[in-house]
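K.L.:
From first to last, the protein sequence lines stand for chains A and B. Residues 1 to 249 in the numbering used here are what the first sequence lists, from first letter to last. Residues 1 to 249 in the numbering used here are what the second sequence lists, from first letter to last.
2 protein chains.
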Amino acid sequence: MQDTRLLENIRLVLCNPTHAGNIGAVARAMKTMGLSRLYLVNPSHFPDVDATARACGGQDILESAVVTETLDEALKGVNLIGGLTARQRSLSHPVMSLRDAAPRFVRQAEQDEVALIFGTEMSGLSNKELEACHVIVHIPANPVYSSLNLAAAVQVVAYEIAAGYFEIPHASTPPLALFEDVERFYAHLEEVLIDIGFLSLDSPRKLMSRMRRLFARAGLEKEEVLMLRGMLKALSSNRKTVDIERSDD
Amino acid sequence: MQDTRLLENIRLVLCNPTHAGNIGAVARAMKTMGLSRLYLVNPSHFPDVDATARACGGQDILESAVVTETLDEALKGVNLIGGLTARQRSLSHPVMSLRDAAPRFVRQAEQDEVALIFGTEMSGLSNKELEACHVIVHIPANPVYSSLNLAAAVQVVAYEIAAGYFEIPHASTPPLALFEDVERFYAHLEEVLIDIGFLSLDSPRKLMSRMRRLFARAGLEKEEVLMLRGMLKALSSNRKTVDIERSDD
């Protein structure tokens, strides 16, 4: 995991949020991506039971949220500001896709305070609020219906900003089989396939090549080769038993 | 915008969703990213007013959602299956980050049906449900608290899969200024700065280089150069008036 301290230089600002549930969901979304600094400009209801209910593991973010009366107060001390908006604006600031904008904000957060601001649920950021921004950040969306829920937008933004800082959990990778063991398996398999009459050396139909392709794609593990060899052996001895029984008839 | 028809080959499957509100929020999240095919395996409450309330513009997705009793039914006709999980699993399938997995699912959706399955809210996908998957898809998240809300996870997945198909809205880009007009502006600016005594040719302090750097970074537009030249002119004539007035004293 990379050093996540720079994430502390990133604040998310909600302008006039009207649904307390959304504030809680925003706190949860931030928490999952390691963001911690939430600013609420003139929220309709806060604190509120709905916010608390939906914050789940993000309670600490709700508790440390900074409530201000104006956007200017929430932006004090900030160097770089991005505004999220779905709508096209005239006389607009530079518009960047979220994917392009995220690295710029992360890079700046290494040395400066940065803010991403989100508008009120029904109408988004006002033109006055956008004027505080250096850049407009846009989440590409379905032109037929592009209105992400506020907390959903925050989740996507937080993911794009911070996900690169977290690793995906890996189960300990089992050891792959050795080349020579896999070759012995193929030889064994071929032998059995000939034995059961499925493979004829006169017209092999690329059967073994196809088998190799399949198992190569899967990437055989050591234990799997042992398992497959065991199956082939069981099959062979079972057939011999059957043959013996038949010859007994 | 690219051809989005392949998005119709992608189905999202919710296993045992317990909160109807989440189902609605999932429908909205899908709609914003152009996904339309929702499968619900054994939902606790559906249809439900909470689902309808939170679906907003995704009502049509709720209405066409397919409800099944088992995961097997929901996966009928599917070629490639990915399971979303936040937890580490033993004896696991290959684990891919969402970012790496998304292109694989999109590529496959060009010719096949693909499914992404999401577990129940409290505990995620069961081991049995994961066994239906080709690959486990993981959203990198804060190890301290990695539990995304179900609809938030769907929003991020849908964004990663489909956002590349939608364009960001651009305000019509105003024309940039011509080189020679910008040079005339710099000459004019220098003249005024000397005139007001801020720039001395004896110790220019790199002032004009800094000015050039600032305006180059902004990328001056044609209209902006006209505006700046106008300001410089107004400043000059104002100073002349002041000089005349002074000489009248």
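Ideal Cβ placement from N, Cα and C applies to all residues, glycine included. Just so you know, these numbers come straight off a predicted model, no measurement behind them.
1) For A/T32, go through chain B and note every residue whose CB falls closer than 7 angstroms to its CB, in chain order.
2) Looking at A/D48 and A/A20, is the spacing between their C-beta atoms short of 7 angstroms?
3) Pick out the complete alpha helix (DSSP H) segments inside the region 38 to 69 of chain B, 4 residues or longer, and give them in chain order.
4) Using only alpha-carbon positions, find the residue among A/A187, A/K222 and A/M227 that is nearest to A/M211.
5) Can you name the residues of chain A whose CB is closer than 9 angstroms to the CB of B/H138?
6) For the beta strand (DSSP E) containing B/I168, name the first residue and the last one.
7) Do you know how far the Cα of B/P204 is from the Cα of B/V156?
8) In chain B, which residues lie with their C-beta within 7 angstroms of the C-beta of A/G230?
9) From the DSSP output, read off the bridge partner residues of B/C15.
10) When the Cα of A/E131 is compared with those of A/V182, A/P140, A/L189 and A/L75, which residue comes out closest?
11) Write down every uninterrupted run of the beta strand (DSSP E) in the region 131 to 185 of chain B whose length is 3 residues or greater and which is fully enclosed by it, in chain order.
12) Of all the options A/G124, A/M122, A/P103 and A/L220, which has the alpha carbon lying nearest to the alpha carbon of A/V114?
13) Please report whether the beta-carbon of B/V95 lies at a distance below 7 angstroms from any beta-carbon of chain A.
14) A/N238: buried (16+ other C-beta within 10 angstroms of its C-beta) or exposed?
15) Can you list the residues of chain B that A/V67 reaches, using a CB-CB cut of under 7 angstroms?
16) According to DSSP, simplified to helix, strand and coil, what is A/G119?
17) Thinking C-alpha only, which one of B/I136, B/L125, B/D50 and B/Q59 is nearest B/V41?
18) For the region 41 to 73 of chain A, enumerate the residues whose C-beta is nearer than 9 angstroms to any C-beta of chain B, in chain order.
19) For B/V66, is the beta carbon positioned less than 6 angstroms from some heavy atom of the ligand FAD?
20) Based on Cα-Cα distance, which residue from A/D195, A/R213 and A/L148 lies nearest to B/R54?
21) Check the C-beta distance from A/I136 over to A/T85 and give it rounded, since I have them as a contact under 8 angstroms.
22) Please decide whether B/V156 counts as near chain A, where near means a Cβ-Cβ distance under 7 angstroms.
23) Please confirm if the region 13 to 33 of chain A is in contact with the region 57 to 71 of chain A, defined as three or more CB-CB distances below 8 angstroms between the two stretches.
24) According to DSSP, is A/G124 part of a helix, a strand, or is it coil?
P.N.:
A quick look at the data gives this:
1) One-based indexing of the first sequence puts residue 32 of chain A at position 32. Ordered by position in chain B, the residues that pass the 7 angstroms Cβ test against A/T32 are A141, N142, Y145, S146, S147 and L148.
2) On the first sequence, position 20 is the one that residue 20 of chain A refers to. On the first sequence, position 48 is the one that residue 48 of chain A refers to. Yes, the pair counts as a contact, with Cβ atoms nearer than the cut-off.
3) 49 to 55 and 59 to 63
4) Indexing the first sequence from 1 puts residue 211 of chain A at position 211. Of A/A187, A/K222 and A/M227, the residue nearest in Cα terms is A/A187.
5) The count along the second sequence starts at 1 and reaches residue 138 of chain B at position 138. By Cβ distance, chain A contributes I168 and P169.
6) Taking the first residue of the second sequence as 1, we reach residue 168 of chain B at position 168. Looking at the DSSP string, B/I168 is not in any beta strand (DSSP E), and its letter there is neither H nor E.
7) On the second sequence, residue 156 of chain B is found 156 positions in, with the first residue counted as 1. On the second sequence, residue 204 of chain B is found 204 positions in, with the first residue counted as 1. Approximately 53 angstroms, taken between the alpha carbons.
8) The count along the first sequence starts at 1 and reaches residue 230 of chain A at position 230. Residues of chain B passing the Cβ test: none, with the nearest at roughly 18 angstroms.
9) Locating residue 15 of chain B in the second sequence gives position 15, counting from the first residue. The partner list for B/C15 (beta bridge, DSSP) reads B/V41.
10) By one-based count along the first sequence, residue 131 of chain A stands at place 131. Answer by Cα proximity: A/L75.
11) 135 to 138
12) In the first sequence, residue 114 of chain A corresponds to position 114, counting from 1. With distances taken between Cα atoms, A/V114 lies closest to A/P103.
13) Counting from 1 along the second sequence, the entry for residue 95 of chain B is found at position 95. Yes, contact with chain A.
14) One-based indexing of the first sequence puts residue 238 of chain A at position 238. A/N238 should be labelled exposed.
15) Here residue 67 of chain A refers to the residue found at position 67 when the first sequence is read from its first residue. Per Cβ cutoff of 7 angstroms: no residues; A/V67 is ~23 angstroms from chain B at best.
16) Along the first sequence, one-based indexing puts residue 119 of chain A at 119. Coil at A/G119, not helix or strand.
17) For the purposes of this step, residue 41 of chain B is identified with residue 41 of the second sequence, where counting begins at 1. Nearest of B/I136, B/L125, B/D50 and B/Q59 to B/V41, Cα basis: B/L125.
18) R54, C56, G57 and G58
19) As for the ligand FAD, it is missing from this structure, which has no ligand bound.
20) Taking the first residue of the second sequence as 1, we reach residue 54 of chain B at position 54. For the residues A/D195, A/R213 and A/L148, the minimum Cα distance to B/R54 belongs to A/L148.
21) The residue labelled residue 136 of chain A in the question sits at position 136 within the first sequence. The residue labelled residue 85 of chain A in the question sits at position 85 within the first sequence. Right, their Cβ atoms sit about 6 angstroms apart.
22) In the second sequence, the residue the question calls residue 156 of chain B occupies position 156. Chain A contact via Cβ: present.
23) yes
24) Numbered from 1 along the first sequence, position 124 holds the residue referred to as residue 124 of chain A. A/G124 falls in the strand class under three-state DSSP.
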